[in-house]
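J.: Sharing a structure here in structure tokens format.
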């Protein structure tokens, strides 16, 4: 039996246990879980030079694979955890992913060659992919529509602090210890989050809602992502726009630290550009229920295209100007904060009965597409900001066409606000 609860009510377990968590702590825990994946990417950026020097990697673009190969592993790994979570519940699958994160981080710290490091990095992405998949399914168990988009944006406020702080954390570690201790730090933080989830996170999927683990059913989840018109444009559009961001992350150390000559100030400048994501996620959490996820994200996408066009002009007319590049890049990242959570929430709406499987399939497509685009952009780095600027513009234009396809040619509709949503459900 379902009962609507006010937003301040604690989130109780659906399996009859006494475990419960208040909404504020729930938001913080979901953000911490999602942040581990961001930490595995951004904390590595200041260490890429040291890794390349230690293993004798001479191709400057090859060191980017430490980031890109992890993203590929995460994308492929996303296809499995959601279906397992629909069958066995959210907690056990999440705890496995947390344990895998810790163990593979330690394996990366022990890597004996660059190829071995790439192998352990892809294993880290594969086995811990549930950290990016399961928070969406857990939240979908209790929230829907613009209420879900607002909660996701609130989580993103905390989550997006990580790209701001992680490079500085990585820089601080390599100032006093070898680069391997960056991975040791990840393992320590992963252990802390795992303990938090073990003791505090309730099971949110009721036993009556669990789905049988049928391989044929699992295989159908991915085609559904592509055949559900109202979702596919948002999934692919998010993959393209975040792929452009991954391209920025992959080449940021070379672009900012070397091309623009920032040197030791790289971590600070990268963090400042990334901080705008946290600001926009906070703003989105305050306006999305009033204006609707569609209106907010569609407006952001159109402005993103305009800013990307300005990036292209800046890169070709004054490509050595950091003080022109950085504000425009900050604006691009700011606009992503109005798109990411909203695109994800809209794409999840048709899949309430199989939220875990849908989250897995959609995360698989987003991550694999985004990682592929990001690696392509990074490997195209030519010592200037031009490849990144062109990619931002092209990817955002394609995303607009995809969203128009899902919306049947009409932007800015408010599909959900006329309904009174249940913002939370407690199972008894």
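Numbering (the numbering used here), first residue to last: 386 to 813.
Using N, Cα and C, we set each Cβ at its ideal position, and we do this for glycine too.
#1: Where does residue 428 sit, in a helix, a strand or coil, going by DSSP?
#2: Tell me whether residue 591 sits in a helix, a strand or coil according to DSSP, three-state version.
#3: Can you tell me the Cα-Cα spacing of residue 513 and residue 555, whole angstroms?
#4: For residue 836 and residue 456, what's the separation of their Cα atoms in angstroms?
#5: Curious, which full-length alpha helix (DSSP H) runs of at least 4 residues does the region 471-518 contain?
#6: Of the residues 730, 609, 719, 778, which one's Cα is nearest the Cα of residue 695?
#7: Answer with buried or exposed for residue 758, where buried requires no fewer than 16 other C-beta atoms within 10 angstroms of its C-beta.
#8: Just verifying my parser: in three-state terms, what is the DSSP assignment at residue 797?
#9: Along the chain, where does the alpha helix (DSSP H) containing residue 614 start, and where does it finish?
#10: Could you tell me whether the Cβ atoms of residue 787 and residue 622 are closer together than 8 Å?
#11: Residue 767 by DSSP, collapsed to three states: which one?
#12: Are residue 547 and residue 559 touching if we call contact CB-CB under 8 Å?
#13: If you draw a straight line from the C-alpha of residue 762 to the C-alpha of residue 712, how long is it?
#14: Classify residue 539 as helix, strand or coil using the three-state DSSP reduction.
#15: Using the rule of at least 16 other Cβ atoms within 10 Å of the residue's Cβ for burial, across every protein chain shown, is residue 730 buried or exposed?
#16: Can you tell me the Cα-Cα spacing of residue 452 and residue 792, whole angstroms?
#17: Span of the alpha helix (DSSP H) holding residue 717?
#18: What whole-angstrom Cβ distance do residue 435 and residue 564 have, given they're in contact under 8 Å?
#19: Does residue 444 come out as helix, strand or coil in the three-state DSSP assignment?
#20: Can you give me the C-alpha to C-alpha distance between residue 809 and residue 528, rounded to a whole angstrom?
#21: Around the C-beta of residue 411, are 16 or more other C-beta atoms found within 10 angstroms, so that it is buried, or is it exposed?
#22: Going by the CB atoms, is the gap between residue 662 and residue 721 shorter than 8 Å?
#23: Does the beta-carbon of residue 506 have 16 or more other beta-carbons within 10 angstroms, so that it is buried, or is it exposed?
#24: Between the alpha carbons of residue 424 and residue 633, how many angstroms are there, rounded?
#25: Should residue 472 and residue 598 be called a contact, given that it needs their Cβ atoms to be closer than 8 Å?
#26: Going by DSSP in three states, residue 724 sits in which element: helix, strand or coil?
#27: Just the C-alpha distance for residue 499 and residue 487, rounded to the nearest angstrom, thanks.
#28: Name the two residues that bound the continuous alpha helix (DSSP H) containing residue 560.
#29: Between residue 651 and residue 445, which are expected to be in contact by the criterion C-beta below 8 Å, what is the C-beta distance as a whole number of angstroms?
#30: Taking its Cβ as the centre, do 16 or more other Cβ atoms sit within 10 Å of residue 798, making it buried, or is it exposed?
#31: Exposed or buried, residue 735, counting other C-beta atoms within 10 Å across all chains shown (16 or more means buried)?
#32: What did DSSP end up calling residue 758 once you bin it into helix, strand or coil?
#33: Count the other CB atoms within 10 Å of the CB of residue 702; is the residue buried (16 or more) or exposed (fewer)?
#34: Check whether the Cβ atoms of residue 414 and residue 585 sit closer than 8 Å, and answer yes or no.
#35: Enumerate in chain order the residues of its own chain whose CB-to-CB distance from residue 476 is below 7 Å, with the five nearest sequence positions on each side excluded.
T.: This is what the structure holds:
#1: The residue given as residue 428 occupies position 43 in the chain shown. Coil at residue 428, not helix or strand.
#2: Within the chain shown, the letter at position 206 stands for residue 591. Three-state DSSP puts residue 591 in coil, outside helix and strand.
#3: As a position in the chain shown, residue 513 is number 128, starting the count at 1. As a position in the chain shown, residue 555 is number 170, starting the count at 1. In a straight line, the C-alpha of residue 513 is about 20 Å away from that of residue 555.
#4: As displayed, the chain neither begins before 386 nor continues past 813, which places residue 836 out of reach and without an answer.
#5: 475-494, 499-512
#6: Position 310 of the chain shown, counted from the start, is the residue given in the question as residue 695. Closest by alpha carbon: 778.
#7: Position 373 of the chain shown, counted from the start, is the residue given in the question as residue 758. It is buried - the Cβ of residue 758 has at least 16 other Cβ atoms within 10 Å.
#8: By one-based count along the chain shown, residue 797 stands at place 412. Residue state, collapsed to three classes: coil.
#9: Taking the chain shown and counting its residues from 1, the one referred to as residue 614 is at position 229. Element bounds for residue 614: 614-637.
#10: Taking the chain shown and counting its residues from 1, one reaches residue 787 at position 402. Taking the chain shown and counting its residues from 1, one reaches residue 622 at position 237. Yes. Within cutoff.
#11: Locating residue 767 in the chain shown gives position 382, counting from the first residue. Here residue 767 sits in coil by DSSP.
#12: Residue 547 sits at position 162 when you count from the first residue of the chain shown. Residue 559 sits at position 174 when you count from the first residue of the chain shown. It is not a contact, given that the beta carbons lie outside the stated cut-off.
#13: Within the chain shown, the letter at position 377 stands for residue 762. Within the chain shown, the letter at position 327 stands for residue 712. Between residue 762 and residue 712, the C-alpha separation is close to 20 Å.
#14: One-based indexing of the chain shown puts residue 539 at position 154. Reduced to three states, the DSSP call for residue 539 is helix.
#15: As a working note, residue 730 is residue 345 in the chain shown. So residue 730 counts as buried.
#16: Locating residue 452 in the chain shown gives position 67, counting from the first residue. Locating residue 792 in the chain shown gives position 407, counting from the first residue. Answer to the nearest angstrom: the Cα atoms are 34 Å apart.
#17: Along the chain shown, one-based indexing puts residue 717 at 332. Taken as a continuous stretch (DSSP letters only), the alpha helix (DSSP H) holding residue 717 covers 707-721.
#18: Taking the chain shown and counting its residues from 1, the one referred to as residue 435 is at position 50. Taking the chain shown and counting its residues from 1, the one referred to as residue 564 is at position 179. With 8 Å as the limit, residue 435 and residue 564 qualify as a contact, their Cβ atoms being about 4 Å apart.
#19: Here residue 444 is taken as the residue at index 59 of the chain shown, counted from 1. Note: residue 444 maps to coil in three-state DSSP.
#20: The residue labelled residue 809 in the question sits at position 424 within the chain shown. The residue labelled residue 528 in the question sits at position 143 within the chain shown. Because the pLDDT of residue 809 is 33, which lies under 50, any placement of that residue in the model is unreliable, and the number read from its coordinates should be weighed accordingly. Straight-line Cα distance between these residues: approximately 5 Å.
#21: For the purposes of this step, residue 411 is identified with residue 26 of the chain shown, where counting begins at 1. Under this definition residue 411 is a buried residue.
#22: Along the chain shown, one-based indexing puts residue 721 at 336. Along the chain shown, one-based indexing puts residue 662 at 277. Result yes, Cβ atoms of residue 721 and residue 662 sit closer than 8 Å.
#23: In the chain shown, residue 506 corresponds to position 121, counting from 1. Label assigned to residue 506: buried.
#24: Along the chain shown, read from residue 1 onward, the residue named residue 424 stands at position 39. Along the chain shown, read from residue 1 onward, the residue named residue 633 stands at position 248. Cα to Cα, the separation comes out at about 16 Å.
#25: In the chain shown, the residue the question calls residue 472 occupies position 87. In the chain shown, the residue the question calls residue 598 occupies position 213. Yes, these two residues count as a Cβ contact at 8 Å.
#26: For the purposes of this step, residue 724 is identified with residue 339 of the chain shown, where counting begins at 1. If DSSP states are grouped into helix, strand and coil, residue 724 belongs with coil.
#27: Indexing the chain shown from 1 puts residue 499 at position 114. Indexing the chain shown from 1 puts residue 487 at position 102. Cα to Cα, the separation comes out at about 20 Å.
#28: Within the chain shown, numbered from 1, the residue matching residue 560 stands at position 175. Segment 546-561, the alpha helix (DSSP H) holding residue 560.
#29: Reading the chain shown from its first residue, position 266 is the one you call residue 651. Reading the chain shown from its first residue, position 60 is the one you call residue 445. Actually they are not in contact, since the Cβ atoms of residue 651 and residue 445 sit about 15 Å apart, beyond 8 Å.
#30: Mapped onto the chain shown, residue 798 falls at position 413. Residue 798 is exposed by the Cβ-count criterion.
#31: As a working note, residue 735 is residue 350 in the chain shown. When all chains shown are included, residue 735 counts as exposed.
#32: Looking up residue 758 in the chain shown gives position 373. Looking at residue 758 - three-state DSSP - the assignment turns out to be helix.
#33: The sequence position of residue 702 within the chain shown is 317, counting from 1. So residue 702 ends up on the exposed side.
#34: Position 29 of the chain shown, counted from the start, is the residue given in the question as residue 414. Position 200 of the chain shown, counted from the start, is the residue given in the question as residue 585. Cβ atoms of residue 414 and residue 585: closer than 8 Å.
#35: For the purposes of this step, residue 476 is identified with residue 91 of the chain shown, where counting begins at 1. The residues are 586, 588.
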